[in-house]
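Heads up: the structure comes next, in structure tokens.
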Amino acid sequence: MTMDQQNLLSVQADASALLQPTNENNKRAFQTDGEGQEHSHNKKRPMTFIASWQKKTYTMSCTPEETVEQLKLKLQGLTNVRPQNMKLLNLVKGKLPSDDTCLESLSLRRKPGSNAVEFLMLGTADANIFKDPDQVDTLPDVLNDLEYDYFPSDHPTHLDQAKVQKKLKETTEKTTIRLINPLREGKKLLVMDLDYTLFDCKSPASHISELMRPGMHSYLTSAYEHYDIVIWSQTSWRTLEAKVTELGILSHPDYKIAFVMDISTMISVTTLKADGSEFKHQVKALDIIWSKFPQFSAKNTIHVDDLSRNFALNPKCGLKISAFKHAPVKRLTDRELYYVARYLLLIVNVDDFTILNHKRWRSYPGVLE
Ligand SMILES: [Mg+2]
């Protein structure tokens, strides 16, 4: 045997070693599935999806050629939630592609060490749906999710006031607020953002409780004693409904939400960035609520949000808190809601909130004790 032949044999031996199963995942590739079918190289392996919904998990097996729509139909079979009412959270990175997309082409989010794709389903079975005030199905979930944010109090807002007032008037006229629970006399008003304020709407998780900001229910319970609570979110009605239902916010025994508002009640404004470029974004105009419920005003309303640009029309009422993202890691240390709860209690006897500077809420005496 020549030197070259010996080298060749040694290379072949190395190559065959590479083909041996080297870990659990590779071993599985050589095993058969539950139906006893052996997967050859030209037959693609089925994909396992585990959906979590209302404290239960649902496991589905799909072929890679099946589509998002077929996955949704399987879920419908298991949960009785119609595909148009379901929202699949954290299945893919970014926005879920259209229903005719093949599952194998999705950029799926997998938990480290797991072959199955775990995701959350939000949605209400037909019998339990609460009233949809408008046909908002055509609205995308987020119209403008640009990261750019600014403090309206620091930033010359450059808003075209005449245009803003016109939009405000139109939106107020077309908005009907349906109370879920009655307003209570003598209470102040707490307007709460949802995404990244009360929960992390993006990280992968096997149950929605893993995405809740620590202390969420205790925070709302504590605030409810002195404040009527509104959830206002830049999402469509269906998504908002699904999220608050799944988070248990509507059914908690210790607090009640007065009403919820969705993206259709936000108005868009255009302002200028520091570099002079135009920036268009949605805002939550508290005047819409105040015009419907005149007992509330800037004097007794506070709006808590992770995006301070949402305060553009009511800068004195806004309290910006940190965004709650990367929940699986952050939930170990995030205590933001405990501090905000404390602040809300400390200011409750202030007759006129406009004398407060919520921008310095963290250094308000007593907050961090
Ligand atoms: Mg938010």
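Start counting the sequence shown at 1; every next residue gets the next number (UniProt numbering).
Ideal Cβ positions, reconstructed from N, Cα and C, are used throughout, including at glycine.
Here the structure is a predicted model, which means the values were calculated and not measured.
Whole-angstrom distance between residue j and residue i, CA atom to CA atom
{"i": "LEU332", "j": "LYS174", "result": "43 Å"}
{"i": "ALA285", "j": "GLU69", "result": "37 Å"}
{"i": "LEU168", "j": "MET266", "result": "9 Å"}
{"i": "MET212", "j": "PHE199", "result": "4 Å"}
{"i": "TYR224", "j": "VAL304", "result": "14 Å"}
{"i": "VAL348", "j": "VAL367", "result": "13 Å"}
{"i": "LEU346", "j": "ASP352", "result": "13 Å"}
{"i": "TYR364", "j": "ASP287", "result": "27 Å"}
{"i": "GLN31", "j": "ARG45", "result": "Note on GLN31: pLDDT 38, under 50, position unreliable in the model; the coordinate value appears next. Distance between the alpha carbons of GLN31 and ARG45 is about 11 Å."}
{"i": "TYR150", "j": "ASN115", "result": "41 Å"}
{"i": "LYS55", "j": "LEU78", "result": "14 Å"}
{"i": "ILE208", "j": "PHE293", "result": "33 Å"}
{"i": "TYR148", "j": "THR270", "result": "13 Å"}
{"i": "GLU369", "j": "ARG362", "result": "11 Å"}
{"i": "ALA51", "j": "ALA242", "result": "15 Å"}
{"i": "PHE49", "j": "CYS62", "result": "8 Å"}
{"i": "GLU246", "j": "LEU272", "result": "38 Å"}
{"i": "GLY36", "j": "MET47", "result": "Because GLY36 sits at a pLDDT of 37, beneath the cut-off of 50, its placement in the model cannot be relied upon, and the point is left open."}
{"i": "LEU313", "j": "ALA298", "result": "11 Å"}
Reference residue i, options the options, closest by Cα
{"i": "TYR255", "options": "ILE267, CYS317, TYR219 and THR239", "result": "TYR219"}
{"i": "ASP160", "options": "LYS72, ARG45, LYS280 and GLY186", "result": "LYS280"}
{"i": "PRO83", "options": "LYS93, PRO315 and LEU122", "result": "LEU122"}
{"i": "PHE296", "options": "VAL92, ASP193, VAL81 and GLU185", "result": "GLU185"}
{"i": "ASP228", "options": "PHE259, ARG238, GLU241 and SER203", "result": "PHE259"}
{"i": "ALA125", "options": "PHE119, GLN165 and LEU75", "result": "LEU75"}
{"i": "LEU337", "options": "SER308, LEU313, CYS102 and THR197", "result": "THR197"}
{"i": "CYS201", "options": "LEU120, ARG309 and ASN314", "result": "LEU120"}
{"i": "GLU65", "options": "TRP53, ASP99 and LYS95", "result": "ASP99"}
{"i": "ASN80", "options": "TYR58, ARG110 and LEU96", "result": "TYR58"}
{"i": "ILE263", "options": "PHE293, HIS217 and ASN310", "result": "ASN310"}
{"i": "ILE180", "options": "ILE249, LEU194 and ILE257", "result": "ILE257"}
{"i": "VAL244", "options": "VAL283, MET192 and VAL329", "result": "MET192"}
{"i": "SER206", "options": "GLY318, LEU91 and LYS325", "result": "LEU91"}
{"i": "GLY248", "options": "ASP334, LEU313, MET47 and TRP53", "result": "TRP53"}
{"i": "GLU104", "options": "THR67, PRO112 and LEU272", "result": "THR67"}
{"i": "THR239", "options": "ALA323, LEU194, LYS72 and SER308", "result": "LEU194"}
Paired residues, beta bridge with residue i - DSSP
{"i": "PHE279", "result": "THR271"}
{"i": "ALA51", "result": "TYR58 and PHE119"}
{"i": "VAL92", "result": "LEU108"}
{"i": "HIS303", "result": "VAL191 and GLY318"}
{"i": "TYR227", "result": "LYS188"}
Exposure of residue i, with buried meaning 16 or more beta-carbon neighbours within 10 Å
{"i": "TYR343", "result": "buried"}
{"i": "HIS358", "result": "buried"}
{"i": "ILE355", "result": "exposed"}
{"i": "HIS275", "result": "Contrary to the premise, residue 275 reads as Asp rather than His in this sequence. It counts as exposed."}
{"i": "LEU8", "result": "Any reading at LEU8 needs caution, since the residue's pLDDT is 45, under 50, leaving its predicted position unreliable; the model's value is listed next. Flag for LEU8 reads exposed."}
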